[in-house]
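S.K.: This structure is in structure tokens; I'll ask about it shortly.
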Amino acid sequence: MNDEALLPRDTPVQLIDPDGRPVEDAQYSVSSTDVLLHAYRGLVEARRINDQCTALVRQGRLAVYPSSHGQEACQVGASLLLGEHDWLFPTYRDSVAIIARGVEPADAMVLLKGDWHSGYDPRQYRVAPQATPLATQLLHAVGFAHAAKMRGEDTVVMALCGDGATSEGDFHEAMNFAAVFQVPVVFFVQNNEFAISVPLSRQTAAPSLAHKAIGYGMPGQRVDGNDTAAVLAVLGEAVSRARSGGGPSLVEAHTYRMQAHTNADDDTRYRERAEVQAWVARDPLVRLQTYLRAQGVLDEAAEDALAAGAEEIAAELRRVMNADADLDPEDLFRFVRAERSPQLDEQWNLLKGEIDRDQLTDAGGAR
Amino acid sequence: MTITHDDTRVEDAVTTATTQTMTMAAALNRALADALAEDPSVLVFGEDVGALGGVFRITDGLTARFGEERCFDTPLAEAGIVGTAVGMAMNGMRPVVEMQFDAFAYPAFEQIVSHVAKLGNRTRGAIRMPMVIRIPFGGGIGGVEHHCDSSEAYYAHTPGLTVVAPSTPQDAYSLLRAAIASADPVVFLEPKKLYWSKGEVDTSIRTPLDTAQVVRDGTDVTLLAYGAAVPLALEAAAAAAEDGRSVQVVDVRSLSPFDDATVTAAVRSTGRAVVIAEAPGYVSVASEIQARVFERCFEYLAAPVRKVTGFDVPFAPPKLEHWYLPDVDRVLDAIDSLHWDEDA
């Protein structure tokens, strides 16, 4: 591939403009309305889950929720492009990408509720546990893809991260390893403009994050992250390249985090309301809705049905989150090692003794 | 080459146990070669492990014999080596990675403590990390700074990691085979100073990863040591014997999980103990051993448990390292201080 082919465009690829009108593009094309309708359902559900989880944090039912409100096109798009044997390596902000991959919403929230560190079996859904340390999961994705390539499997690995993660050393090492070994991985950076409070200008002096790709010898591309059709087209091309042995790519989505980093964050300290408001007009749901309506494949009745479906998901999530899980203290010791050590057995016996004594005391107090 | 997911063992691998005299470096090389031959999911990678055969030649000849897909050089990036090993282990491989020197492993520390050690626990055992991180450790070879750290406490302190350090070619071989076969991640600490020490190796032996071993019998005092400190302990025991003291030596060997049973029984049998290790003594594996012995053997002890360790300073420059490293005299002084008069 020549240098030109590795460089991203000067502006993000866009196939549907913020007013829902199609944009002509020589290289990429809009998916079929069937695919986009399917994606739209995912967006509606993801938005409802994002908002429900934000509410659950206020009610004290989730310890924390890093919302991806506004980034649903990226998350749903990334998951929809993966086949049954592909793998997703998500971060803490990618809960709805995980759900779009099939994980039950309540299971996806186990980490954020605090019942355990991960609430689903990664092998069942081909979704790695959500990573909290930034960029570390990108290396796992590369190693996983490398192993798949060695075994001659056509697995593609989708590795997600944010703009802040691109400043980490592990980001660099992952890009470099992936390109040197030409492994089937797609690095998908959701540039939402802020790493907690620090703006993109403090993360990089590069023309764009996608420009970093050429330094590693892989193609980079920029995409309008609020344009579902463009995300599907650009990411889809990267997935195809990886699957056909063409190696890794870096795709940077330009999007915006509409809510604070988490409930613990006060975003009025670092960004103007006018800036947030300006992004409301670029909402990924409204844009796709307008397009699909203009195409004549989405009407009010269909919308109502989608909303009702999303409401059911939210109601089920509330039901599970409002119930206290039955937690087993022995779980603290069960999974630390494949074989439990005598030291861990000793410590479990100590805790068990404390619990038994407390229960005796409680029973005594009741008498 | 295509690696299959099943556990087919290659039949033409070494099947008859042989006992041979070899160096610890050769024993480690043999262990890697035998594991690569027997299990197609085993991979060896790191910096300079290919054509060069590793800076200590531990991977000598492996690329030539098994091909570049089984033993390969990576970009110079320690977090990358361990981080990609995590993904490989998730996807059915058994990576055995080399960190070139102890202090060069620190960029990989986040991957080791945040992911290698925790993924099994986070996923309720759905994902295990069957990998070995080989780290040449310790001094005594005249290396300049950042080449001679004793970093074992960092790893032993981390729940989820198995940490072992061999002191003989036999244990180097059989502990490494056991480490590669383990479902848990193993930090495998190779005492550089002993790479060229020789001993008999029986390739049919597998040393469990959670056992200490009594390597010299004695009745007056127990020396507890691991890695390069074990030959030192044996030397000190021989010297003490000339003064009429009967000294027992235990090779602790498994730093985590720790073999309390063997160590406790040994110290109770003598009533005196000295822990010997190269690492700085403050908040160290040696201080943990000392504390465990106090807890379990207090009423059997005739004297406080002493420890002989490196000083609490960054590892010494080559021309000063003989002042830093524990030596026979320091061990003998510690033995002499164990309240022998009161006992008489």
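So the protein lines, in turn, are chains A and B. The first sequence begins at 1 in our numbering and counts up one residue at a time. The second sequence begins at 1001 in our numbering and counts up one residue at a time. Backbone N, C-alpha and C define an ideal beta-carbon position, used for all residues, glycine too.
(1) Does residue 1151 (chain B) come out as helix, strand or coil in the three-state DSSP assignment?
(2) In angstroms with no decimal places, state the Cα-to-Cα distance between residue 1126 (chain B) and residue 1213 (chain B).
(3) For residue 367 (chain A), count neighbouring C-beta atoms within 10 Å of its own C-beta (all shown protein chains included) and say buried if the count is 16 or more, exposed if not.
(4) So for residue 222 (chain A), helix, strand or coil by DSSP?
(5) Any idea what DSSP makes of residue 117 (chain A), helix, strand or coil?
(6) For residue 1094 (chain B), report the span of its beta strand (DSSP E) as first-last.
(7) How many angstroms separate the CA atom of residue 24 (chain A) from the CA atom of residue 9 (chain A)?
(8) I'd like the list of long-range same chain contacts for residue 384 (chain A), defined as Cβ closer than 8 Å, with 5 residues on each side in sequence excluded.
(9) Can you have a look at residue 1286 (chain B) and say buried or exposed, based on whether 16 or more other CB atoms are within 10 angstroms of its CB?
(10) May I have the straight-line CA-CA distance separating residue 271 (chain A) from residue 198 (chain A), to the nearest angstrom?
(11) Compute the Euclidean distance between the alpha carbons of residue 1189 (chain B) and residue 1135 (chain B), then round it to the nearest angstrom.
(12) Using beta carbons (cut-off 7 Å, strictly below), is residue 1174 (chain B) in contact with chain A?
(13) What is the rounded straight-line gap between the Cα of residue 351 (chain A) and the Cα of residue 164 (chain A)?
(14) Report all residues from its chain with a CB closer than 7 Å to the CB of residue 42 (chain A); omit the five preceding and five following residues, and keep chain order.
(15) Name the DSSP beta bridge partners of residue 249 (chain A), please?
(16) For residue 172 (chain A), tell me which candidate among B:1224, B:1080, B:1217, B:1095 has the shortest Cα-Cα distance.
(17) In three-state DSSP terms, what is residue 1170 (chain B)?
(18) Would you list, in chain order, the members of the segment 173 to 196 of chain A that have their beta-carbon closer than 8 Å to a beta-carbon of chain B?
(19) In chain order, which beta strand (DSSP E) runs of at least 3 residues are fully inside the segment 283 to 309 of chain A?
(20) Using the C-alpha atoms, what's the distance from residue 1320 (chain B) back to residue 1133 (chain B)?
(21) For residue 1266 (chain B), which of helix, strand or coil comes out of DSSP?
(22) Thinking C-alpha only, which one of B:1117, B:1035, B:1112, B:1025 is nearest residue 335 (chain A)?
(23) Please state if the CB of residue 1089 (chain B) and the CB of residue 1024 (chain B) are separated by a distance shorter than 7 Å.
(24) Where does residue 355 (chain A) land, buried or exposed, given buried means 16+ other C-beta within 10 angstroms?
(25) Counting only Cβ-Cβ distances shorter than 9 Å, please list the residues of the segment 1074 to 1097 of chain B near chain A, keeping chain order.
(26) May I ask you to report which of helix, strand or coil DSSP gives residue 1018 (chain B)?
(27) Relative to the C-alpha of residue 1318 (chain B), which candidate in B:1053, B:1139, B:1269, B:1217 has its C-alpha closest?
(28) What are the uninterrupted segments assigned as beta strand (DSSP E) that are 3 or more residues long and contained completely in the segment 1010 to 1092 of chain B, given in chain order?
(29) Should residue 314 (chain A) be labelled buried (16 or more other beta-carbon atoms within 10 Å of its own) or exposed?
(30) Ignoring anything shorter than 3 residues or poking outside the segment 46 to 89 of chain A, list the beta strand (DSSP E) runs there in chain order.
(31) Just how far apart, CA to CA, sit residue 168 (chain A) and residue 63 (chain A)?
(32) Could you check whether the Cβ of residue 1385 (chain B) sits closer than 7 Å to any Cβ belonging to chain A?
(33) For residue 273 (chain A), which beta-bridge partners are listed by DSSP?
(34) May I have the straight-line CA-CA distance separating residue 1037 (chain B) from residue 34 (chain A), to the nearest angstrom?
(35) Only counting the same chain, and skipping five residues up and downstream in sequence, which positions put a Cβ closer than 8 Å to that of residue 132 (chain A)?
(36) Listing by chain order, which chain B residues have their CB less than 8 Å from the CB of residue 118 (chain A)?
M.R.: Put simply:
(1) coil
(2) 33 Å
(3) Caution applies to residue 367 (chain A), whose pLDDT of 45 falls short of 50 and renders its modelled position unreliable; the value that the coordinates give is listed next. Flag for residue 367 (chain A) reads exposed.
(4) strand
(5) coil
(6) 1094 to 1098
(7) 15 Å
(8) Only positions 1 to 367 of chain A appear in this structure, which leaves residue 384 (chain A) out of reach.
(9) buried
(10) 10 Å
(11) 5 Å
(12) no
(13) 40 Å
(14) 76, 80, 100
(15) A:186
(16) B:1080
(17) helix
(18) 173, 174, 176, 177, 180
(19) none
(20) 30 Å
(21) helix
(22) B:1117
(23) no
(24) exposed
(25) 1074, 1075, 1077, 1078, 1079, 1080, 1081, 1082, 1083, 1084, 1085, 1086, 1087, 1088, 1089, 1090, 1091, 1092, 1093, 1095
(26) coil
(27) B:1139
(28) 1019 to 1023, 1042 to 1046, 1071 to 1073
(29) buried
(30) 87 to 89
(31) 26 Å
(32) No answer is possible for residue 1385 (chain B): it lies beyond the span of chain B, which begins at 1001 and ends at 1344.
(33) None, per the DSSP bridge assignment.
(34) 51 Å
(35) 91, 92
(36) 1122, 1123, 1124
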